[in-house]
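J.:
There are 2 protein chains.
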Amino acid sequence: MDFAAWRVARQDEVEQALSTWVPADAPAGLGEAMRYAVLDGGKRLRPLLVLATSAAVGGLREAALRASCAVELIHAYSLVHDDMPCMDNDVLRRGKPTVHVRFGQAQALLAGDALQALAFELLVPNDGSVPSDMAAQLCLLLAQAAGATGMAGGQAVDLASVGLALDLSALEAMHRQKTGALLKASVAMGAATGSVSPEARAQLGRYGAALGLAFQVVDDVLDVTSDSATLGKTAGKDAAADKPTFVSLMGLAQAQAYAGRVLDEAHAALDQSRLDDTSHLHALADWVGRRAY
Amino acid sequence: MDFAAWRVARQDEVEQALSTWVPADAPAGLGEAMRYAVLDGGKRLRPLLVLATSAAVGGLREAALRASCAVELIHAYSLVHDDMPCMDNDVLRRGKPTVHVRFGQAQALLAGDALQALAFELLVPNDGSVPSDMAAQLCLLLAQAAGATGMAGGQAVDLASVGLALDLSALEAMHRQKTGALLKASVAMGAATGSVSPEARAQLGRYGAALGLAFQVVDDVLDVTSDSATLGKTAGKDAAADKPTFVSLMGLAQAQAYAGRVLDEAHAALDQSRLDDTSHLHALADWVGRRAY
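As given, the protein sequences belong to chains A and B, one line each in that order.
Numbered per this note's numbering, the first sequence spans residues 4 to 296.
Numbered per this note's numbering, the second sequence spans residues 4 to 296.
#1: Please list the partners that Gln-44/B has in chain A, where partner means a Cβ-to-Cβ separation under 7 Å.
#2: DSSP puts Arg-96/B in a beta bridge; with which residues?
#3: Could you check how far apart the C-beta atoms of Val-41/A and Leu-118/A are, in whole angstroms? I think they sit under 8 Å.
#4: Does the Cβ of Gln-257/A have 16 or more other Cβ atoms within 10 Å, making it buried, or fewer, making it exposed?
#5: Output the distance between the C-alpha atoms of Ala-217/A and Leu-21/A, rounded to the nearest integer angstrom.
#6: Under 8 Å Cβ-Cβ, which residues of chain A neighbour Leu-1/B?
#7: Output needed in chain order: residues of the region 106-127 of chain B with a Cβ under 9 Å from some Cβ in chain A.
#8: Anything in chain B within Cβ reach of Leu-143/A, meaning under 7 Å, just list it in chain order.
#9: Ala-20/A versus chain B: which residues are under 7 Å apart at the beta carbon?
#10: Using a C-beta cutoff of 7 Å, does His-178/B count as contacting chain A?
#11: Residue range of the alpha helix (DSSP H) that Ser-164/A falls in?
#12: At least one CB of chain A closer than 7 Å to the CB of Met-192/B: is that the case?
#13: Which residues in the same chain as Ala-194/B place their Cβ atom closer than 7 Å to its Cβ, once the five residues preceding and following it in sequence are excluded?
#14: Cutting at 8 Å between CB atoms, please list the residues of its own chain near Ala-36/A, excluding the five before and the five after it.
#15: Would you say the beta carbon of Val-250/A comes nearer than 6 Å to a heavy atom of the ligand MG?
#16: If you draw a straight line from the C-alpha of Gly-131/A to the C-alpha of Leu-125/A, how long is it?
#17: What is the DSSP secondary structure of Val-190/B, counted as helix, strand or coil?
#18: Which of the residues in the region 60-71 of chain B, read from start to end, lie with their CB under 7 Å from any CB of chain A?
#19: Would you check if there are 3 or more beta carbon pairs closer than 8 Å linking the region 10-24 of chain B to the region 143-159 of chain B?
#20: Less than 7 Å between the beta carbons of Ala-272/A and Phe-6/A, yes or no?
#21: Can you look up Leu-216/A in the DSSP assignment and give me helix, strand or coil?
#22: Which residues mark the beginning and the end of the alpha helix (DSSP H) in which Ala-176/A is found?
#23: Report yes if the CB atom of Pro-30/A is closer than 7 Å to the CB atom of Val-160/B, and no otherwise.
#24: How is the alpha helix (DSSP H) around Leu-118/B delimited, first residue to last?
#25: Jot down the residue ranges of each uninterrupted alpha helix (DSSP H) in the region 46-89 of chain B, minimum 4 residues, whole runs only, in chain order.
#26: Quick one: which chain B residues come within Cβ less than 8 Å of Ala-162/A?
#27: Just to confirm the assignment, what range does the alpha helix (DSSP H) spanning Met-37/A have?
#28: Does DSSP put Arg-293/A in a helix, in a strand, or in coil?
#29: Could you give the first and the last residue of the continuous alpha helix (DSSP H) run that contains Asp-267/A?
#30: Quick check: is the beta carbon of Asp-230/A nearer than 7 Å to any beta carbon in chain B?
#31: What residues in its chain sit with their C-beta under 6 Å from that of Leu-68/A, if we drop five residues either side in the sequence?
#32: Buried or exposed: where does Ser-198/B fall if 16 or more other Cβ atoms within 10 Å of its Cβ makes it buried?
#33: My understanding is that Asp-226/B touches Thr-248/B, with C-beta atoms under 8 Å, so please give their C-beta distance in whole angstroms.
#34: For a cutoff of 7 Å on Cβ pairs, would you count Pro-247/B as touching chain A?
#35: Taking 7 Å as the threshold (beta carbon to beta carbon), is His-84/A in contact with chain D?
#36: Consult DSSP for Gly-3/B and reduce its assignment to one of helix, strand or coil.
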């Protein structure tokens, strides 16, 4: 199947699964806020990484689908909390009012909290459809990526870095946690749904890390080259907030070239993994490089 | 060992374990905020429930200690978020300024998020010291208790109920989620660290549910009979916020009598469980009934 058809089919599958698993019946409007935060939006890059990696290692489909949704729930909750007034105070996300604008801050806070819990709940089906050792390993990978040494830690560094003159290595270290940890975990979780040699696992780790870094460099480029309508979120906000970015440190042309070199490394890692079918993982790297929003 | 000595020894053990596991080195002050939220405070009721239940079923000690800390981390994160201005806007907790007062709202939000992730990370040690099937089951129990149909859902109902005339059954249903789910899960997680008959498991569930309800009734009583210095948090705030409570619905004397009847049921459930040594679980129920803060 060619990449575009595969991607659309997997995006539909993930949307369907999320719609089934994110509860409509959670009390007092909480379910509505959770579904608003998760459904009908996003590129689903993280789920696609889980599913493509799982396919490359002959992984268990049920585990891969659950892992892909779990990672997306963690991503979605982080956006809900990140958009709140005490953080980035953003009013637009995926072309819609942010969750706290639509439902109030208290409900946004709770919806984010409940989405994180749901992510872990999904990883352990009580019908035995995912072996316990695999479920436990997926929980561990996701928890490490989401927590204080991963995404949440990177956000704390990001908060503390406003107005500071970070150098390139400090900026990369921050993004390795803030966005990179969850992207890399998406690949690692996909690998954990099947069996894979230590060498292939190491190369997949290198691929995930490179893809995570490239994603952020492209994000910084888009923040200055695109507009809010295309992005579905507020453009130009990094510069407005006086946040260090790859563009502010390197200049636009250099940042674009840097994204290309990092993606070359992602492709090289896949080639060296000696896995049979990495075509969709290659295509996802290209997709990250070419994305317009 | 008598209860008081057992309790102090277990509280010390939990404090020590939390101090080891809640990272001091998380970046940009995040670790400091997480440790401030968790260490040196609280009755550790939930950890004690895990440990006493685990002991009653001959459970695995390493799993029980990790589960006891995981439950406490979920409890601690919920307090951090609950105290924020967009929720209860509380400035005093365990006799200290709340996390957002001390570290700012953004850091409080992130610290709560990172504590939730850490709870799940603790349940899956990567040294194999907890069997995978047990670790996965503990993750599932904790996730269900913390999420949209548990604690977070109960908080949403609580938010929506301010100023409403809830009847007793609606109030109980709200608390069964908001505080009851995590207390009941503490017992269930303790049971999951060992082996237990279906009948004993059912009676432990009844015990956990009764203890959770009694805890909340006593909490409402203390809110009107105690003061902020004794409670370590703001007294009288339920009445000030026009929130329905067991005292506002039943009156003070009736609420106190009701707590006693519910605790009788907790004791009866333990007797009917036919487990060998439930003395500490009995004592914990008494402790909940007698507590002054």
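The beta-carbon is built from N, C-alpha and C at its ideal position, and this holds for glycine as well.
Please read these numbers as outputs of a predicted model, since none were measured by experiment.
T.: So, from the listed chains and residues:
#1: The sequence given here has Gly at residue 44/B, not Gln. Within chain A, not a single residue places a beta-carbon under 7 Å from that of Gly-44/B; the smallest gap is close to 19 Å.
#2: Lys-99/B
#3: 7 Å
#4: Per the 10 Å Cβ criterion, exposed.
#5: 27 Å
#6: In the structure displayed, chain B extends from 4 to 296; residue 1/B sits before or after that span and is not available.
#7: Cβ contacts with chain A come from Gly-107, Gln-108, Ala-109, Gln-110, Ala-111, Leu-112, Leu-113, Ala-114, Gly-115, Asp-116, Ala-117, Leu-118, Gln-119, Ala-120, Leu-121, Ala-122, Phe-123, Glu-124, Leu-125, Leu-126, Val-127.
#8: Glu-124, Val-127, Asn-129
#9: Correct list: empty, because the minimum Cβ distance to chain B is about 17 Å.
#10: By this cut-off, His-178/B is not an interface position.
#11: That residue, Ser-164/A, is in no alpha helix (DSSP H); it is neither H nor E in DSSP.
#12: no
#13: Thr-56, Val-60, Arg-204, Leu-207
#14: Val-102, Arg-105, Phe-106, Gln-110, Ala-111, Leu-113, Ala-114
#15: The ligand MG is absent from the structure shown, which contains no ligand whatsoever.
#16: 12 Å
#17: helix
#18: For the region 60-71 of chain B, which is checked against every Cβ of chain A, not one residue is closer than 7 Å.
#19: With a cut-off of 8 Å, the region 143-159 of chain B and the region 10-24 of chain B do not count as touching, because too few Cβ pairs lie within range.
#20: Their beta carbons are not under 7 Å apart, which means Ala-272/A does not touch Phe-6/A by this criterion.
#21: helix
#22: 171-178
#23: The Cβ-Cβ distance between Pro-30/A and Val-160/B falls below 7 Å.
#24: 108-126
#25: Fully enclosed alpha helix (DSSP H) runs of 4 or longer: 48-59, 64-85.
#26: Per the sequence shown, residue 162/A should be read as Leu rather than Ala. Neighbours of Leu-162/A on chain B, chain order: Ala-31, Ala-109, Gln-110, Leu-113.
#27: 33-41
#28: helix
#29: 255-276
#30: Using a CB distance cut-off of 7 Å, Asp-230/A does not count as an interface residue toward chain B.
#31: Ala-20
#32: exposed
#33: 7 Å
#34: Cβ-Cβ to chain A under 7 Å: no for Pro-247/B.
#35: Here the protein chains are A and B, and chain D is not one of them.
#36: A query on residue 3/B cannot be resolved here, the shown segment of chain B reaching from 4 to 296 and no further.
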